[in-house]
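What follows is a set of notes on a single structure, which appears directly below.
Protein chains: 2
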Amino acid sequence: MKIDPNSPADLSAQIAKAIRDAIVAGVLIVDERLPSEAELAEQFDVSRSTVREALKRLAAQSLIRTQRGASGGAFVNRLEYKDAYPQQITTSTLLLSMNAVSFETACEARYALERACAPLSAARRTPDHLATMRAEIHRQGQPGLSDESFCDSDVAFHRALVDGAGNPVLSYQLAGAVEAMQPLMNMITFTARSRAEIIRLHTAIADALEAHDGSAVESALSALETYTQSLARDVMETRARVRAGG
Amino acid sequence: MKIDPNSPADLSAQIAKAIRDAIVAGVLIVDERLPSEAELAEQFDVSRSTVREALKRLAAQSLIRTQRGASGGAFVNRLEYKDAYPQQITTSTLLLSMNAVSFETACEARYALERACAPLSAARRTPDHLATMRAEIHRQGQPGLSDESFCDSDVAFHRALVDGAGNPVLSYQLAGAVEAMQPLMNMITFTARSRAEIIRLHTAIADALEAHDGSAVESALSALETYTQSLARDVMETRARVRAGG
DNA sequence: AAGGCTTAAATGTCAGACATATGAAAATCG
DNA sequence: CGATTTTCATATGTCTGACATTTAAGCCTT
């Protein structure tokens, strides 16, 4: 764990990298305590402030946690899915919004990934997953539901579908793709007719899952993708017409 | 952008969260300059050190960049895929290694996601993608190639497959899944015979892509998954036998 | 007008101090 | 002797002030 003393700037980044590499390489194991800030400062021959900035960088990535008081210090964090989820979603959201990713591209990716889960979910979904999906479908049919709540329910529905595959790695990857889409989905105003169509397709998906029919789930997902894309196209065209006309 | 002055500890985390929220919400736009550290310190009524720790947290997430000198400062970063890739890979790698995700689970997720790209890649792959894949297949057949280099080439091959889909969102999501698998893949010793079989399947994939035959790509990927899983099972069994016998 | 010089503003780093939390050891009391 | 309280050492959290370094803009000279 060494840094280059000749590079004058960005010492805290170098120190963070050194410690991060040690964690990734397994030199520092989970729950192991790092030396105290004062000791690290001495080891790297920098001030305590610089060490602290490095530790904050690592804390921002959930790689370490800190405890105050005697026998406190910085400890290597066991990175769990629940810690990584928010980060993944924030990053995905920003990637979409800052890079002008089209609705079409994001939507295509999302449904392609969901279709990847379909056969697994059809084989393994528990009654619990199915019950969640049925409940969300019911919620989506409630009159007076706001567009935002409708989108929330939509996310919950698809999340249950993905979780049904029983593969945490898939669930993690999909969380980013599905939840990051939400701001884009919120652009769409869901009329009563379009809600009914979406609910019809959701029901088809749930039915197919209940019957353990993976390819039927895939077909329904494809139909849902096509329909969602057409809704988005309508919104865009309407906006373009309003801009041109007014 | 406010913080709770009553919470005594973790001021830097609160400040980081306030700024992060402002960026995600679009209050701070790309390339906009944040106030100087001194000004932020005054606004939040904390010391400059605390502000700096908050900024380092944001820098660790690539949300801001800093420039020194006059007219320098902290600027909202345009989060691009190339910045998000390493983070995604590091996180995925640690999630796998720290949560004892089985080879089976990781492998299943990886190939499920790759199959999701197959139809798109079959439709859109350019001659460039195909050329990259053929080149990697050739490299994989070179005698004297180390296991590590073989794995590297494997990653490059699959990456070309995924990129062929022409969807940056998919490429980003897949990068984590594919590259994070590498440490697990490196456990496997590839014999001459297993390399030949893998090359055979890679060739089948490339041929199917060349013919724009999406379902053939999916089939070949499934066969490759089955074969990889069987190789991993052999390694595990051998190890278990050695442990029991010795 | 072009080029070099000065300067101001900003981040990067350091040193030392105090505040606060916390576990462990020491002291006290029943 | 055992339980409880007090004390204390240690570690992080925060503040202050200082200096180093980088960099762009303005000034000045030629």
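Respectively, the protein sequence lines represent chains D and V.
In this note's numbering, each number is its position in the first sequence, counted from 1, plus 2.
In this note's numbering, each number is its position in the second sequence, counted from 1, plus 2.
For each residue, glycine too, the CB sits at the ideal point set by N, CA and C.
Against chain D, does residue i count as a neighbour if the rule is that its beta carbon must be under 8 Å from one of theirs?
{"i": "CYS119/V", "result": "yes"}
{"i": "GLU44/V", "result": "no"}
{"i": "PRO170/V", "result": "yes"}
{"i": "SER14/V", "result": "yes"}
{"i": "GLN231/V", "result": "no"}
{"i": "GLU138/V", "result": "no"}
{"i": "VAL219/V", "result": "no"}
{"i": "GLN69/V", "result": "no"}
{"i": "LEU163/V", "result": "no"}
{"i": "VAL157/V", "result": "no"}
{"i": "VAL32/V", "result": "yes"}
{"i": "ARG80/V", "result": "yes"}
{"i": "SER51/V", "result": "yes"}
{"i": "ALA62/V", "result": "yes"}
{"i": "THR93/V", "result": "yes"}
{"i": "VAL48/V", "result": "no"}
{"i": "ALA234/V", "result": "no"}
{"i": "GLU150/V", "result": "no"}
{"i": "ARG54/V", "result": "yes"}
{"i": "GLU181/V", "result": "no"}
{"i": "GLU110/V", "result": "yes"}
{"i": "ALA259/V", "result": "Examination of residue 259/V is not possible in this model, given that chain V is present from 3 through 248 alone."}
{"i": "LEU203/V", "result": "no"}
{"i": "LEU36/V", "result": "no"}
List the DSSP bridge partners of residue i.
{"i": "THR68/V", "result": "ALA76/V"}
{"i": "ARG35/D", "result": "PHE77/D"}
Kindly give me the distance between the Cβ atoms of residue i and residue j, rounded to whole angstroms, as I take these residues to be in contact under 8 Å.
{"i": "LEU233/D", "j": "ILE190/D", "result": "5 Å"}
{"i": "SER155/D", "j": "GLU181/D", "result": "Their Cβ separation, rounded to whole angstroms, is 13 Å, which puts SER155/D and GLU181/D out of contact at 8 Å."}
{"i": "PRO185/D", "j": "THR95/D", "result": "6 Å"}
{"i": "HIS214/V", "j": "ALA125/V", "result": "6 Å"}
{"i": "LEU1/V", "j": "ARG141/V", "result": "Residue 1/V lies beyond the residue range present for chain V, which begins at 3 and ends at 248; the question has no answer from this structure."}
{"i": "GLN175/D", "j": "LEU115/D", "result": "7 Å"}
{"i": "LYS84/D", "j": "ARG59/V", "result": "No, LYS84/D and ARG59/V are not in contact; Cβ-Cβ is about 19 Å, not under 8 Å."}
{"i": "VAL219/D", "j": "ALA225/D", "result": "Between ALA225/D and VAL219/D the Cβ distance is about 11 Å, and since that is not below 8 Å, they are no contact."}
Take residue i as the anchor and find which of the options has the nearest alpha-carbon.
{"i": "SER173/V", "options": "ALA198/V, ALA158/V, LEU186/V", "result": "ALA158/V"}
{"i": "LEU65/D", "options": "ASP33/D, LEU96/D, GLU39/D", "result": "ASP33/D"}
{"i": "ALA120/V", "options": "ALA162/V, GLN142/V, GLY146/V", "result": "ALA162/V"}
{"i": "ILE17/D", "options": "GLU239/V, ALA124/V, ALA62/V", "result": "ALA62/V"}
{"i": "HIS131/D", "options": "GLU116/D, ASN188/D, ALA208/D", "result": "ALA208/D"}
{"i": "MET100/V", "options": "ALA242/D, ILE25/D, ARG197/D", "result": "ILE25/D"}
{"i": "GLN231/V", "options": "ALA108/V, SER217/V, LEU36/V, ALA179/V", "result": "ALA108/V"}
{"i": "ASP47/V", "options": "HIS214/V, CYS153/V, ARG141/V, SER14/V", "result": "SER14/V"}
{"i": "GLU212/V", "options": "SER123/V, GLN89/V, SER104/V", "result": "SER123/V"}
{"i": "LEU42/D", "options": "ALA56/D, ILE31/D, ARG243/D", "result": "ALA56/D"}
{"i": "ARG35/D", "options": "GLY178/D, GLY74/D, SER104/D, THR52/D", "result": "GLY74/D"}
{"i": "GLY71/V", "options": "PRO88/V, GLN90/V, GLU39/V", "result": "GLU39/V"}
{"i": "ASP12/V", "options": "VAL103/V, GLU150/V, VAL53/V, ALA27/V", "result": "VAL53/V"}
{"i": "VAL164/D", "options": "PHE105/D, ALA179/D, VAL244/D, SER104/D", "result": "ALA179/D"}
{"i": "GLY146/D", "options": "ALA20/D, ALA76/D, PHE192/D, VAL219/D", "result": "PHE192/D"}
{"i": "GLU150/V", "options": "ALA177/V, PHE105/V, ARG197/V", "result": "ARG197/V"}
{"i": "MET89/D", "options": "SER148/D, THR228/D, GLU239/D, ALA177/D", "result": "It should be pointed out that residue 89/D corresponds to Gln in this sequence rather than to Met. The shortest C-alpha separation from GLN89/D is found at ALA177/D."}
{"i": "PHE105/V", "options": "ALA246/V, GLU227/V, GLY247/V, VAL244/V", "result": "GLU227/V"}
{"i": "THR93/V", "options": "PRO129/D, VAL103/D, HIS160/D, LEU81/D", "result": "LEU81/D"}
{"i": "VAL78/V", "options": "ILE31/V, ILE91/V, GLN45/V, LYS58/V", "result": "ILE31/V"}
{"i": "TYR229/V", "options": "VAL244/V, HIS204/V, VAL29/V, SER217/V", "result": "HIS204/V"}
{"i": "TYR87/V", "options": "TYR87/D, LYS84/D, LEU97/D", "result": "LEU97/D"}
{"i": "ALA194/D", "options": "SER148/D, GLU220/D, ASP236/D", "result": "SER148/D"}
{"i": "GLY143/V", "options": "ARG59/V, GLU199/V, MET183/V, MET187/V", "result": "GLU199/V"}
Within the 8 Å Cβ cut-off, does residue i reach chain V?
{"i": "TYR2/D", "result": "Outside the displayed range of chain D (3 to 248) lies residue 2/D, so it cannot be described from this structure."}
{"i": "ASN101/D", "result": "yes"}
{"i": "LYS58/D", "result": "yes"}
{"i": "SER224/D", "result": "no"}
{"i": "GLN184/D", "result": "no"}
{"i": "GLY178/D", "result": "yes"}
{"i": "THR107/D", "result": "yes"}
{"i": "GLU227/D", "result": "no"}
{"i": "ARG126/D", "result": "no"}
{"i": "LEU132/D", "result": "no"}
{"i": "VAL26/D", "result": "yes"}
{"i": "TYR174/D", "result": "yes"}
Mind the definition here: the segment 169-185 of chain D touches the segment 111-120 of chain V only if three or more C-beta pairs lie below 8 Å; say whether that holds.
yes
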